[in-house]
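Position in the sequence shown (first residue = 1) + 416 = this note's numbering.
The C-beta atom is built at its ideal place from N, Cα and C for all residues, glycine as well.
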Amino acid sequence: MKVAFVQYDIQWENAQENFNKIEQILASSSDPFELLILPEMFNTGFSMDTHKNAELMSGKTLDWMKSIAREYNAVVTGSLIIQEGEVFYNRLLWVEPNGNIDHYDKKHLFTLAKENNFFEPGKERKIFKLQSETETWKICPLICYDLRFPVWSRNTEDYDLLIYVANFPEKRKYAWSQLLISRAIENQSYTIGVNRIGLDGININYSGDSVALNYEGKKLVDCHSEEGIFYVNLSKEKQVAYRRAYNFLRDRDLFSIV
417 MKVAFVQYDI
427 QWENAQENFN
437 KIEQILASSS
447 DPFELLILPE
457 MFNTGFSMDT
467 HKNAELMSGK
477 TLDWMKSIAR
487 EYNAVVTGSL
497 IIQEGEVFYN
507 RLLWVEPNGN
517 IDHYDKKHLF
527 TLAKENNFFE
537 PGKERKIFKL
547 QSETETWKIC
557 PLICYDLRFP
567 VWSRNTEDYD
577 LLIYVANFPE
587 KRKYAWSQLL
597 ISRAIENQSY
607 TIGVNRIGLD
617 GININYSGDS
627 VALNYEGKKL
637 VDCHSEEGIF
647 YVNLSKEKQV
657 AYRRAYNFLR
667 DRDLFSIV
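Following this line, the structure appears as structure tokens:
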């Protein structure tokens with residue numbers, strides 16, 4: 417499966433400018449892909465101004481994602497602020513080219529930035545399926561602060577790819593890089609972390625460091641602080657063979673989340 421992910425300087429609370437930026441980056445390359453991953457709150461940056469930036473599930477950002485999915489015949493995913501009634505979610509949308517839509521709501525809200533004062537936490541983890549040219553992939557998408565909680569990402573469903581979309585600041589880049597490697601190793605899963613670069617509207621700097629890792633935690637792609645579109649080819653066959661040779665997941669502890 418060929419995966420593309422975009423790392424860029426998100427324009428603060430300006431969805432249209434961010435749509436334009438992503439379209440420009442996508443147009444810079446003609447390589448096909450089956451999955452496109454965008455950062456956390458890719459249309460606004462990590463803003464707590466829910467009343468200004470929230471959209472409904474019938475909003476312009478979802479319409480734009482549908483358009484990109486159709487144009488590139490690929491699944492498009494990334495998170496944004498969604499309002500349901502009086503409640504707001506940091507919601508990752510999973511948009512298929514045929515128009516099917518699913519979502520995951522961020523479970524672990526970032527209390528250090530008081531995200532929990534503005535958003536409702538998600539209640540369930542999701543596993544999405546993607547049919548590539550040759551096989552079906554089980555994909556677990558999570559959001560930013562979820563990265564620090566390994567129980568939430570534990571590979572109990574034998575998923576094939578773990579995704580983190582994020583706005584992870586430069587001052588904590590070491591934690592970002594090391595935790596992604598840990599999640600890949602302990603879950604024996606391809607892991608992709610997609611972050612942003614640049615300075616946001618409240619003067620927090622982001623160094624990017626988006627990365628694609630294999631099931632051993634080894635780097636396949638490292639974006640450093642570059643802006644652009646990046647690609648990685650994933651082999652399910654190689655991952656299955658590795659898990660058979662080193663079947664550590666067989667010995668994992670059983671647990672339930674309450």
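For residue i versus residue j, is the C-beta spacing smaller than 8 Å?
i, j, result
"residue 547", "residue 571", "no"
"residue 441", "residue 454", "no"
"residue 497", "residue 514", "no"
"residue 581", "residue 501", "no"
"residue 608", "residue 579", "yes"
"residue 625", "residue 593", "yes"
"residue 424", "residue 449", "no"
"residue 485", "residue 645", "no"
"residue 465", "residue 433", "no"
Can you have a look at residue i and say buried or exposed, based on whether 16 or more other CB atoms are within 10 angstroms of its CB?
i, result
"residue 557", "buried"
"residue 549", "exposed"
"residue 512", "buried"
"residue 507", "buried"
"residue 591", "exposed"
"residue 443", "exposed"
What separation, rounded to the nearest whole angstrom, lies between the Cα atoms of residue i and residue j?
i, j, result
"residue 632", "residue 600", "7 Å"
"residue 505", "residue 535", "5 Å"
"residue 617", "residue 595", "26 Å"
"residue 612", "residue 426", "7 Å"
"residue 669", "residue 532", "30 Å"
"residue 636", "residue 630", "7 Å"
"residue 672", "residue 510", "26 Å"
"residue 657", "residue 628", "19 Å"
"residue 481", "residue 606", "24 Å"
"residue 431", "residue 477", "8 Å"
"residue 666", "residue 577", "18 Å"
"residue 654", "residue 575", "14 Å"
"residue 446", "residue 647", "12 Å"
"residue 583", "residue 622", "7 Å"
"residue 492", "residue 674", "31 Å"
"residue 642", "residue 602", "28 Å"
"residue 585", "residue 566", "20 Å"
"residue 569", "residue 519", "16 Å"
"residue 598", "residue 503", "33 Å"
"residue 483", "residue 517", "13 Å"
Rounded to whole angstroms, how far is the Cβ of residue i from the Cβ of residue j, which I believe are closer than 8 Å?
i, j, result
"residue 452", "residue 417", "Actually they do not touch by this definition, with Cβ atoms about 12 Å apart."
"residue 573", "residue 554", "7 Å"
"residue 471", "residue 499", "7 Å"
Got a sec: is the Cβ-Cβ distance from residue i to anything in chain C below 8 Å?
i, result
"residue 578", "Among the chains in the structure shown there is no chain C, since it carries only a single protein chain."
What do you reckon, is the C-beta of residue i under 7 Å from a heavy atom of the ligand PLP?
i, result
"residue 582", "Ligands displayed in this structure: none; no statement on the ligand PLP is therefore possible."
Item to check | Touch test, the segment 559–568 against the segment 516–530, Cβ-Cβ under 8 Å, three pairs minimum | outcome: Flag = yes, the segment 559–568 and the segment 516–530 touch.
Next on the checklist: Quick check: the segment 444–464 against the segment 653–669, are at least 3 beta-carbon pairs closer than 8 Å?
Outcome noted: No: fewer than three Cβ pairs fall under 8 Å.
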